[in-house]
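Residue numbers (UniProt numbering): 1 to 284. Take a look at the structure set out below.
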Ligand SMILES: Nc1ncnc2c1ncn2[C@@H]1O[C@H](COP(=O)(O)OP(=O)(O)O)[C@@H](O)[C@H]1O
Ligand SMILES: [Mg+2]
């Protein structure tokens, strides 16, 4: 197993022998089959895989919103909690489409998980939410706006502030830059990079966007054939022979990724040393 030097902290998320099977009218649909993955403290681990390979379901299982049919998920050594304000203290999630409450203004959206706990006075909660609003790069004047009056990029930032309200050590991002224009996506990547560094976060991110992938990841895990077939640096992953990887990284749009690897614009931590041993596909 190859780990990024300096990024290989203690395991924070451990997924073992995980099966996810959904009952459908046509019979059982196996989404994950005996999937293993370890996510270490301080990593930005990106999950890539074709549409419908179970990336979102895996994030929801780490969050504790869904439970595997078989196998175990542990976060900080324990099974993830049910979705509750307490669980939000360990894991924050940025949902794919922002998912703000349309009836609440910006500040009340951010404050929501903290209000649910019912332990802090309202002024403290407001202040905490305002701090988070500024942390995601938004001016306090937006605090009273309704989600309907925000741009797509602002919705993502507010949703991110809400995900961070309880200062969780683990942040899950489901396609954080999808739907943003290139400039908005770059800005959001800069924000995420800064927060990862300043808050010492561990991040698990699903993304289809190669720029976001190479910009932020310290390690890439590929979901195919119902499991994580390879996890490692970009070099490790690209060297792994599999039709999905070939198409994803070496097909039309992937060419740019290869060029980036060779011209050095991929962070050294992700590119890995040339000639590095390929990552084992056994994640343990
Ligand atoms: N609650 C559910 N009940 C039945 N099938 C589901 C449920 N959630 C997800 N699925 C199915 O599981 C597969 C993986 O879904 P998902 O994790 O959303 O994929 P993606 O990798 O695109 O994020 C899809 O075929 C989806 O239809
Ligand atoms: Mg998804």
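Yeah, the Cβ is synthetic: ideal placement off N, Cα and C, and Gly gets one too.
Where does residue 279 fall in DSSP's three states?
In the chain shown, counting from the first residue as 1, residue 279 sits at position 279. Any reading at residue 279 is ruled out, since the residue's pLDDT is 48, under 50, leaving its predicted position unreliable.
Buried or exposed by the 16-neighbour rule on C-beta atoms within 10 Å, applied to residue 43:
Indexing the chain shown from 1 puts residue 43 at position 43. If you draw a 10 Å sphere on the C-beta of residue 43, you find 16 or more other C-beta atoms in it, and that means buried.
Residue 201 bridges to which residues according to DSSP?
Locating residue 201 in the chain shown gives position 201, where the first residue counts as 1. Residue pairing by DSSP places residue 201 in no beta bridge whatsoever.
Host alpha helix (DSSP H) of residue 174 (start-end)
By 1-based counting over the chain shown, the position of residue 174 is 174. Not the alpha helix (DSSP H): residue 174 falls in the beta strand (DSSP E), residues 170-174.
Look up residue 165 in the DSSP assignment and say whether it is helix, strand or coil.
Here the question's residue 165 lines up with position 165 in the chain shown. DSSP, reduced to helix, strand and coil, places residue 165 outside both helices and strands of the structure shown, so it counts as coil.
Are there 16 or more other CB atoms within 10 angstroms of the CB of residue 32, so buried, or fewer, so exposed?
Residue mapping note: residue 32 aligns to position 32 of the chain shown, counting from 1. Per the 10 Å Cβ criterion, buried.
For a test of your reading of the model: does the CB of residue 56 fall under 6 Å from any non-hydrogen atom of ligand 2? Yes or no.
Mapped onto the chain shown, residue 56 falls at position 56. Within 6 Å of the C-beta of residue 56 there is at least one heavy atom belonging to ligand 2.
Tell me the residue span of the beta strand (DSSP E) that contains residue 74.
Residue mapping note: residue 74 aligns to position 74 of the chain shown, counting from 1. Under the DSSP assignment, residue 74 falls in the beta strand (DSSP E) whose first and last residues are 70-75.
So the candidates are 93, 209, 216, 49; which of them puts its Cα closest to the Cα of residue 305?
In this structure the chain extends from 1 to 284, so residue 305 is not present and cannot be described.
Endpoints, beta strand (DSSP E) assigned at residue 14:
Counting from 1 along the chain shown, the entry for residue 14 is found at position 14. That run of the beta strand (DSSP E) goes 11-24.
Whole-number beta carbon distance between residue 218 and residue 170, since they are thought to touch under 8 Å:
Position 170 of the chain shown holds residue 170. Position 218 of the chain shown holds residue 218. In this structure, residue 170 and residue 218 do not form a Cβ contact; the two beta carbons are roughly 14 Å apart against a cut-off of 8 Å.
Among 177, 209, 195, which one has its Cα closest to the Cα of residue 167?
As a position in the chain shown, residue 167 is number 167, starting the count at 1. Restricting attention to 177, 209, 195, the CA atom closest to the CA of residue 167 is found in 195.
Looking at C-alpha atoms only, which residue of 172, 14, 98 is the closest neighbour of residue 157?
Numbered from 1 along the chain shown, position 157 holds the residue referred to as residue 157. For residue 157, the closest of 172, 14, 98 by C-alpha to C-alpha distance is 98.
Grouping DSSP H, G and I as helix and E and B as strand, with all else coil, what is residue 142?
As a position in the chain shown, residue 142 is number 142, starting the count at 1. Residue 142 carries a helical assignment under DSSP once its states are collapsed to helix, strand and coil.
Is there at least one non-hydrogen atom of ligand 1 closer than 6 Å to the beta-carbon of residue 212?
For the purposes of this step, residue 212 is taken as residue 212 along the chain shown, with counting starting at 1. No, the beta carbon of residue 212 sits no closer than 6 Å to any heavy atom of ligand 1.
Express the C-alpha separation of residue 111 and residue 214 in angstroms, rounding to a whole number.
Here residue 214 corresponds to residue number 214 of the chain shown, with the count starting at 1. Here residue 111 corresponds to residue number 111 of the chain shown, with the count starting at 1. Answer to the nearest angstrom: the Cα atoms are 32 Å apart.
Tell whether a beta-carbon distance below 7 Å holds between residue 224 and residue 249.
Start at 1 with the first residue of the chain shown, and residue 224 comes out as number 224. Start at 1 with the first residue of the chain shown, and residue 249 comes out as number 249. Taking a C-beta distance under 7 Å as the contact criterion, residue 224 and residue 249 do not qualify as a contact pair.
Return yes when the C-beta of residue 244 is under 6 Å from any heavy atom of ligand 1, and no when it is not.
As a working note, residue 244 is residue 244 in the chain shown. Within the chosen limit of 6 Å, ligand 1 does not reach the beta carbon of residue 244 with any heavy atom.
Take residue 120 and list the residues in its own chain whose beta-carbon comes closer than 8 Å to its own, dropping the five residues that flank it on each side.
The sequence position of residue 120 within the chain shown is 120, counting from 1. Closer than 8 Å at Cβ, skipping near neighbours: 114, 128.
With a threshold of 6 Å (Cβ to nearest heavy atom), would residue 71 be considered close to ligand 1?
Counting from 1 along the chain shown, the entry for residue 71 is found at position 71. Checking the Cβ of residue 71 against ligand 1 gives no.
Per-residue burial, residue 268 [other beta carbons within 10 Å of its own, 16 or more giving buried]
One-based indexing of the chain shown puts residue 268 at position 268. Residue 268 comes out exposed.
Pair within 7 Å by beta-carbon distance, residue 144 and residue 109
Here residue 144 is taken as the residue at index 144 of the chain shown, counted from 1. Here residue 109 is taken as the residue at index 109 of the chain shown, counted from 1. No, Cβ-Cβ distance for residue 144 and residue 109 is not below 7 Å.
Through-space distance from residue 36 to residue 18, alpha-carbon basis:
Here residue 18 corresponds to residue number 18 of the chain shown, with the count starting at 1. Here residue 36 corresponds to residue number 36 of the chain shown, with the count starting at 1. Rounded to whole angstroms, residue 18 to residue 36 spans 7 Å at the Cα level.
What's the C-alpha gap between residue 23 and residue 30?
Translated into positions along the chain shown, residue 23 becomes position 23. Translated into positions along the chain shown, residue 30 becomes position 30. Each residue's CA atom was taken as its position, placing residue 23 and residue 30 some 9 Å apart.
When the Cα atoms are used, what is the spatial distance from residue 174 to residue 53?
Mapped onto the chain shown, residue 174 falls at position 174. Mapped onto the chain shown, residue 53 falls at position 53. Roughly 14 Å between the two C-alpha positions.
Determine whether the beta carbon atoms of residue 179 and residue 153 lie at a separation below 7 Å.
By 1-based counting over the chain shown, the position of residue 179 is 179. By 1-based counting over the chain shown, the position of residue 153 is 153. No, Cβ-Cβ distance for residue 179 and residue 153 is not below 7 Å.
I want to check one thing, is the minimum distance from the CB of residue 217 to the heavy atoms of ligand 1 below 6 Å?
By 1-based counting over the chain shown, the position of residue 217 is 217. Taking non-hydrogen atoms of ligand 1 into account, the C-beta of residue 217 is found less than 6 Å away from none of them.
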